[in-house]
Amino acid sequence: MRLDKYLKVSRLIKRRTVANEACDGGRIKINDKVAKAGAKVSVGDIIEIQFGNKAVKVEVLIVKETVKKDEAKDMFKYL
7 MRLDKYLKVS
17 RLIKRRTVAN
27 EACDGGRIKI
37 NDKVAKAGAK
47 VSVGDIIEIQ
57 FGNKAVKVEV
67 LIVKETVKKD
77 EAKDMFKYL
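Set out below in structure tokens:
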């Protein structure tokens, strides 16, 4: 699955366009490498997102095309 879509489906970022902009700005890393919006996300990947002064680091547990809102939090684990 593409990184921008994963961020939206997992609800780490609210909109896919915002996820694209974050990727273009170099604020998202996969496994310590700056990632583009089209980068593939796999189970076990570590995603780091820079939100201004705050950084969020998560591990990918599940990759699904669509999930219910209640199940979105089960797609990743905060580190």
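Counting from 7, one number per residue, gives the positions in the sequence shown under our numbering. Ideal Cβ placement from N, Cα and C applies to all residues, glycine included.
Beta-bridge pairing of residue i - partner residues as DSSP gives them
i	result
V64	I53 and Y84
K39	I36
K46	R8
CB contact check: residue i to chain B, cutoff 8 angstroms
i	result
K74	Included in the structure is just one protein chain, with no chain B present.
Classification of residue i by the beta-carbon crowding that lies within 10 angstroms, buried from 16 upward
i	result
N37	exposed
S48	exposed
Y84	exposed
A61	exposed
F57	exposed
L6	Missing from the structure shown is residue 6; the chain here goes from 7 to 85 and no further.
V24	exposed
Residue i vs residue j beta-carbon contact at 8 angstroms
i	j	result
V69	I53	no
K32	R8	Note on residue identity: the sequence assigns Gly, not Lys, to residue 32. No, the pair does not count as a contact, with Cβ atoms beyond the cut-off.
V15	V73	yes
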